[in-house]
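Written out below as structure tokens is the structure these notes cover.
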Amino acid sequence: MATSAPHVNGAQDLKDDTPSPHFADLSLSSKTVHADDFLNKGQDVAPPLHVSTTFRYNKDPDQLRKWTELDLNTPYEGHIYSRHTAPNTTRFEAILSNILKGPAISYTSGLSAFHALLVFLNPKQISIGDGYHGCHGVIDIHAKLTGLKKLDLDCPAEELQAGDIIHIETPLNPTGTAYNLKAFADKAHSRGAFLTVDATFGPPPLQDPFLWGADVIMHSGTKYIGGHSDMLCGILAINPKRKAWYQGMVKERLHLGNVMGNMEGWLGVRSLRTLELRVKTQSVNAQVLVSWMHNALNSEAADTAAIRRVLQKIEHASLQAEDIKDGWLSKQMSGGYGPVFAITMKEERFARRLPSKLELFHHATSLGGVESLIEWRTMTDPSVDTKLLRISVGIEGWEDLAHDLLQAFTSLAAEVEEK
Ligand SMILES: *Cc1c(COP(=O)(O)O)cnc(C)c1O
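Heads up, the sequence shown is in our numbering, so the first residue is 5 and it goes up one at a time.
The following block contains the structure:
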């Protein structure tokens, strides 16, 4: 007789095999490389890709436990059907729960995670500013079904009611500037409302929104978590103070069916291994490039005259930080500022033409991958200035990126002079 396989419904050999508690003290990279070790049951060093949608029950009839008897708060009890849990996404979530510091659930995309959040909390009102236009599309659909009402981000606290949401995207799309999370958490909680944070532009190790009072952290994992422009993913991490929400959200995901595919879960673990290396490099690269361009705008040096001829302004949290007197920004983004920033050109035609002159930046939407991207943002977001370009800095050498930008500005300025 074959012995019962591991990973079966309520498998006993997984019972004591929970994440090692001392992992909480490890560095970010040690966690992203090892936080799923307890789920590694075979001899594999690299995680295998599991494609099965369904999983055998325990061979021992006495061990069989019905769905209703399972503790859904324990995600590592073995798998039943992949619309509920599956091995690759479970390993991915084990790492995410560890590094985001609250139980994490993955979804098919960032927008499906945001949708799941609205469905679960079902607020009557949501206080929200600009930011990713797709989230406003989700709110419109949800409002059609529930009558959800939008409030301005800076609405008076008195307008908020218990159960409402303040939803902050920080750093903000497309400019990379940041919000004071503590101030918004205090405002929400003073009314019995919740703070939900779209932290896509500031993944670990840049910021930890739970430290400042966030109730839920959302990520489009398509961006820095995936990091290689090859997987769609959404993530919700729940503040441990609200961990009762976890079970409810997992249950609703089972019925909404918005689970990640196995391939994406597998890619996600592969990606998380290098999260800290990638994000730190991207953050430093962005800060150096922003400061180089900012200095060029404010200098009279001949070698950067082309930049001043075509470029109007630069926006990024590192520039914003200089103006903040009480220092909340450097405290809340203690790991570095986000790797996305925006430049506004002097004329719309400059914004249209600059991307084609660059060799190391792809002209494409999205962000967070190892490769640098630039986007004439009006291509996908009608709400932004048509002179604005959004830049997502990759892991290339920053000197190479600066050199490429300078040659593109120079070529654009020369073209302008000819006309
Ligand atoms: C991309 C993005 C989203 C949407 O994520 P998808 O994975 O594309 O669905 C939401 N918020 C922000 C800030 C984003 O950049």
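C-beta: ideal position from N, C-alpha, C; glycine also.
Is residue i near ligand 1, with its Cβ less than 7 Å from a heavy atom?
i	result
residue 204	yes
residue 227	yes
residue 136	yes
residue 159	no
residue 459	For the chain, the structure presents residues 5 to 423; residue 459 sits outside this window and is missing.
residue 319	no
residue 238	yes
residue 173	yes
residue 261	no
residue 115	yes
residue 393	no
residue 3	Given a span of 5 to 423 for the chain in the structure shown, any question on residue 3 remains unanswerable.
residue 164	no
residue 371	yes
residue 177	yes
Classify residue i: buried if its beta carbon has 16 or more other beta carbons within 10 angstroms, exposed otherwise.
i	result
residue 402	buried
residue 212	buried
residue 146	buried
residue 220	buried
residue 246	exposed
residue 280	buried
residue 165	exposed
residue 418	exposed
residue 344	buried
residue 259	exposed
residue 243	buried
residue 329	exposed
residue 336	buried
residue 46	exposed
residue 175	buried
residue 327	exposed
residue 144	exposed
residue 359	buried
residue 89	buried
residue 52	exposed
residue 152	buried
residue 40	buried
Give me whichever residues DSSP pairs with residue i in a beta bridge.
i	result
residue 29	Looking at the DSSP assignment, residue 29 forms no beta bridge with any residue, so it has no partner.
residue 318	347
residue 108	241
residue 202	173 and 222
residue 131	155 and 170
residue 85	58
residue 396	344 and 377
residue 367	378
If I measure Cβ to Cβ from residue i and keep anything under 7 Å in the same chain, skipping five residues before and after, which residues do I get?
i	result
residue 268	235, 236 and 237
residue 70	none
residue 323	294 and 298
residue 264	93, 110, 111, 112 and 237
residue 57	85 and 86
residue 313	417 and 420
Is residue i close to ligand 3? I mean its beta-carbon at under 7 Å from any heavy atom of the ligand.
i	result
residue 272	As far as ligands go, the structure on display features ligand 1 and does not contain ligand 3.
For residue i, I'd like the list of residues in its chain whose CB is within less than 6 Å of its CB, leaving aside the five on either flank, ordered along the chain.
i	result
residue 381	178, 388, 392 and 394
residue 355	349, 380, 391 and 393
residue 311	300 and 413
residue 368	377
residue 119	142
residue 91	54
residue 15	Confidence at residue 15 is low in this model, with a pLDDT of 34, below 50, so its placement is unreliable and the value that follows should be read with caution. Excluding sequence neighbours, residue 15 sits near 82.
residue 228	207, 283 and 372
residue 333	182 and 325
Does chain D have any CB closer than 8 Å to the CB of residue i?
i	result
residue 65	Protein chains in the displayed structure number just one, and chain D is not present.
Which same chain residues end up closer than 8 Å to residue i when comparing Cβ atoms and leaving out the 5 residues on each side of it in sequence?
i	result
residue 346	178, 179, 180, 318, 319, 320, 381, 392, 393, 394 and 395
residue 250	77, 107, 109 and 242
residue 404	364
Practice prompt. Evaluate the contact criterion for the stretch 122 to 138 versus the stretch 170 to 180: three or more CB pairs, one atom per stretch, below 8 Å.
Written response: In short, these stretches touch, since the Cβ pair count reaches three.
Discussion item. Within 8 Å, do at least three Cβ pairs link the stretch 270 to 279 to the stretch 89 to 104?
Written reply: For the pair of segments examined, the stretch 89 to 104 was found to touch the stretch 270 to 279: the number of CB pairs separated by less than 8 Å reaches three.
Worksheet entry | Three CB pairs or more closer than 8 Å across the stretch 105 to 123 and the stretch 213 to 227 | yes
Worksheet item: Is the number of C-beta pairs between the stretch 134 to 145 and the stretch 280 to 290 that are closer than 8 Å three or more?
Response: no
Item to complete: Examine the Cβ distances between the stretch 405 to 420 and the stretch 349 to 368 and report whether three or more of them are shorter than 8 Å.
Response: Proximity of the stretch 405 to 420 to the stretch 349 to 368 meets the contact definition, three or more beta-carbon pairs being nearer than 8 Å.
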